[in-house]
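Trainee: Provided herewith is a single structure, encoded as structure tokens, for subsequent inquiry.
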């Protein structure tokens, strides 16, 4: 019993010393906000096959993959427009407004599901959806392959990149997916900060991050893509859809599942490059970041953010704007 009491005293002493050391560390650093690992930097490079990515890029920009040769992936996902089209809602192949706002294609490899309603688990599945959507490709991958087989340059290119079987549906989808996996935007100022560049973000931007974290925004917008990793209902604390006429877009994940509980549920969007992807929300109804932050504070967190806090959070959000092919996306806006 004496031995046990001695060891217990020793262990308690060690624990108290450790707590004091940790407390000292916390007090020394509490004035300097830390990225606690809930937001992960985007890798500086991607491990994709460059030949497949190059072929995928050609396909991504070719309207001949669609029925009538009028609609390419790049029609909606313009790399000089933040990876989307800058419109409230996408334009269909008939020139009409589509249902949803166009999500950015940048960093889509880090999303756990694709699109607002999250019907697609992989980039290959998403490509099939784009082909078969009557408002977009209005075709099938098999029909696209048959069309490409009549174009000698594609026959040659697929045989070079996929020497075993050349131009097939699987290889078509793979090339498109590999290209999209290459569309990452590393080296955002907020990513430079944890890599050791203490001057990458300003004091105001650090305060904005602290507000973003402490108010709970980070509970949904986290991970490498600062979002894109879960579904969430819009209107957690305050109903958003009751004072407006409900649109098909407002139904959210319900459009993919038909389940009542999925109404007004959406895949949480990434906040990467949000500075250059206006307008915002699933239907493009919010035109500025300030309005988006204010609205989300009310309906998701139950908080009326002050204008000063909103301004600081927006400053932080702008530190998430990365680079594509060595050039900041902010430079194009």
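In the working numbering, the protein residues as written are 236 to 568.
Ideal placement from N, C-alpha and C gives every residue a C-beta, glycine not left out.
Alpha carbon to alpha carbon, how far is residue 471 from residue 536?
Mentor: Within the chain shown, residue 471 is the residue found at index 236, counting from 1. Within the chain shown, residue 536 is the residue found at index 301, counting from 1. Their backbone Cα atoms lie some 7 angstroms apart in a straight line.
Trainee: Hey, how far is the Cα of residue 479 from the Cα of residue 487?
Mentor: By 1-based counting over the chain shown, the position of residue 479 is 244. By 1-based counting over the chain shown, the position of residue 487 is 252. Distance between the alpha carbons of residue 479 and residue 487: 15 angstroms.
Trainee: Taking only the alpha-carbon atoms, compute the straight-line gap between residue 423 and residue 307 and give it to the nearest angstrom.
Mentor: Within the chain shown, residue 423 is the residue found at index 188, counting from 1. Within the chain shown, residue 307 is the residue found at index 72, counting from 1. About 29 angstroms.
Trainee: Given a threshold of 16 other Cβ atoms within 10 Å of its Cβ, counted over all protein chains shown, does residue 386 qualify as buried or as exposed?
Mentor: What you label residue 386 is simply residue 151 of the chain shown in a count that begins at 1. Exposed.
Trainee: With DSSP as the reference, identify every bridge partner of residue 397, one or two as the case may be.
Mentor: If you number the chain shown from 1, residue 397 lands on position 162. Residue 397 pairs with nothing; no bridge assigned.
Trainee: Runs of 4 residues minimum, wholly inside the stretch 271–313: which ones carry the alpha helix (DSSP H) assignment?
Mentor: Complete alpha helix (DSSP H) runs here, min 4: 285–295, 308–311.
Trainee: How long is the line joining the alpha carbons of residue 501 and residue 469, rounded to whole angstroms?
Mentor: Against the chain shown, residue 501 aligns to sequence position 266. Against the chain shown, residue 469 aligns to sequence position 234. The straight-line gap from Cα to Cα measures roughly 7 angstroms.
Trainee: What are the boundary residues of the beta strand (DSSP E) that residue 483 is part of?
Mentor: For the purposes of this step, residue 483 is taken as residue 248 along the chain shown, with counting starting at 1. That residue, residue 483, is in no beta strand (DSSP E); it is neither H nor E in DSSP.
Trainee: Note down, in chain order, each residue of its chain lying with its Cβ closer than 6 angstroms to the Cβ of residue 283, except the 5 sequence neighbours on either side.
Mentor: Here residue 283 refers to the residue found at position 48 of the chain shown. 413, 416, 417.
Trainee: Could you spell out where the alpha helix (DSSP H) holding residue 550 opens and where it closes?
Mentor: Within the chain shown, numbered from 1, the residue matching residue 550 stands at position 315. Unbroken alpha helix (DSSP H) run through residue 550: 542–553.
Trainee: Drop a sphere of 10 angstroms on the beta-carbon of residue 506, count the other beta-carbons inside from all chains shown, and report buried for 16 or more, exposed for fewer.
Mentor: Start at 1 with the first residue of the chain shown, and residue 506 comes out as number 271. It counts as buried.
Trainee: Quick check on residue 388: buried or exposed, where buried means 16 or more other Cβ atoms within 10 Å of its Cβ?
Mentor: Sequence index remark: in the chain shown, residue 388 carries index 153 (1-based). Its Cβ having fewer than 16 others within 10 Å, residue 388 is exposed.
Trainee: Who does residue 501 pair with in a DSSP beta bridge?
Mentor: Your numbering for residue 501 matches position 266 in the chain shown. DSSP, once it has assigned bridges, lists 467 as partnering residue 501.
Trainee: Residues in the same chain with beta-carbon distance under 6 angstroms from residue 474, minus the five sequence neighbours each way, listed in chain order, please.
Mentor: Position 239 of the chain shown, counted from the start, is the residue given in the question as residue 474. Excluding sequence neighbours, residue 474 sits near nothing in its chain.
Trainee: Closer than 7 angstroms by C-beta to residue 264: which residues in its own chain qualify, once you throw out the five before and the five after it? Chain order, please.
Mentor: Within the chain shown, the letter at position 29 stands for residue 264. Bear in mind that a pLDDT of 31 at residue 264, under 50, signals an unreliable position, so the model cannot answer this.
Trainee: Put residue 511 into one of helix, strand or coil per three-state DSSP.
Mentor: On the chain shown, residue 511 is found 276 positions in, with the first residue counted as 1. Three-state DSSP puts residue 511 in a helix.
Trainee: Can you tell me whether residue 544 is buried or exposed? The criterion is at least 16 other CB atoms within 10 Å of its CB, across all chains shown.
Mentor: Sequence index remark: in the chain shown, residue 544 carries index 309 (1-based). Counting Cβ neighbours within 10 Å, residue 544 comes out buried, since at least 16 surround it.
Trainee: Any beta carbon of chain D sitting closer than 7 angstroms to that of residue 338?
Mentor: Given the protein chain composition of this structure (a single chain), no chain D is represented.
Trainee: In terms of residues, what are the limits of the alpha helix (DSSP H) holding residue 405?
Mentor: Taking the chain shown and counting its residues from 1, the one referred to as residue 405 is at position 170. First-last of the alpha helix (DSSP H) with residue 405: 404–416.
Trainee: What does a CB cutoff of less than 8 angstroms around residue 522 pick up in its chain, not counting 5 residues either side in sequence?
Mentor: Against the chain shown, residue 522 aligns to sequence position 287. Counting only Cβ-Cβ distances below 8 angstroms, and skipping sequence neighbours, we find 513, 514, 515.
Trainee: Please classify residue 400: is it buried, with 16 or more other beta-carbons within 10 angstroms of its beta-carbon, or exposed?
Mentor: Taking the chain shown and counting its residues from 1, the one referred to as residue 400 is at position 165. Exposed.
Trainee: How many angstroms separate the CA atom of residue 554 from the CA atom of residue 425?
Mentor: Position 319 of the chain shown, counted from the start, is the residue given in the question as residue 554. Position 190 of the chain shown, counted from the start, is the residue given in the question as residue 425. Roughly 5 angstroms separates the two Cα atoms.
Trainee: Taking 7 angstroms as the threshold (C-beta atoms), are residue 290 and residue 392 in contact?
Mentor: The residue labelled residue 392 in the question sits at position 157 within the chain shown. The residue labelled residue 290 in the question sits at position 55 within the chain shown. Yes. Within cutoff.
Trainee: Have a look at residue 411 and residue 294 and give me their C-alpha separation to the nearest angstrom.
Mentor: Start at 1 with the first residue of the chain shown, and residue 411 comes out as number 176. Start at 1 with the first residue of the chain shown, and residue 294 comes out as number 59. Taking the straight line joining both Cα atoms gives about 7 angstroms.
Trainee: Taking three-plus beta-carbon pairs below 8 angstroms as touching, is the stretch 314–326 in contact with the stretch 489–497?
Mentor: These segments do not touch.
Trainee: Is it buried or exposed, residue 448, if we count other Cβ atoms within 10 angstroms and call 16 or more buried?
Mentor: Indexing the chain shown from 1 puts residue 448 at position 213. Buried.
Trainee: Residue 526 to residue 432, Cα distance in whole Å?
Mentor: Taking the first residue of the chain shown as 1, we reach residue 526 at position 291. Taking the first residue of the chain shown as 1, we reach residue 432 at position 197. For residue 526 and residue 432, the distance between alpha carbons rounds to 31 angstroms.
Trainee: Tell me the rounded alpha-carbon separation between residue 465 and residue 296.
Mentor: Taking the chain shown and counting its residues from 1, one reaches residue 465 at position 230. Taking the chain shown and counting its residues from 1, one reaches residue 296 at position 61. Approximately 30 angstroms, taken between the alpha carbons.
Trainee: Roughly how many whole angstroms lie between the Cα atoms of residue 334 and residue 441?
Mentor: Start at 1 with the first residue of the chain shown, and residue 334 comes out as number 99. Start at 1 with the first residue of the chain shown, and residue 441 comes out as number 206. The alpha-carbon atoms of residue 334 and residue 441 are separated by roughly 37 angstroms.
Trainee: Any idea what DSSP makes of residue 319, helix, strand or coil?
Mentor: Within the chain shown, residue 319 is the residue found at index 84, counting from 1. Residue 319: strand per DSSP, three-state reduction.
Trainee: Express the C-alpha separation of residue 560 and residue 309 in angstroms, rounding to a whole number.
Mentor: In the chain shown, counting from the first residue as 1, residue 309 sits at position 74. In the chain shown, counting from the first residue as 1, residue 560 sits at position 325. Straight-line Cα distance between these residues: approximately 17 angstroms.
Trainee: Buried or exposed: residue 395, going by 16 or more other Cβ atoms within 10 Å of its Cβ?
Mentor: Residue 395 sits at position 160 when you count from the first residue of the chain shown. Label assigned to residue 395: exposed.
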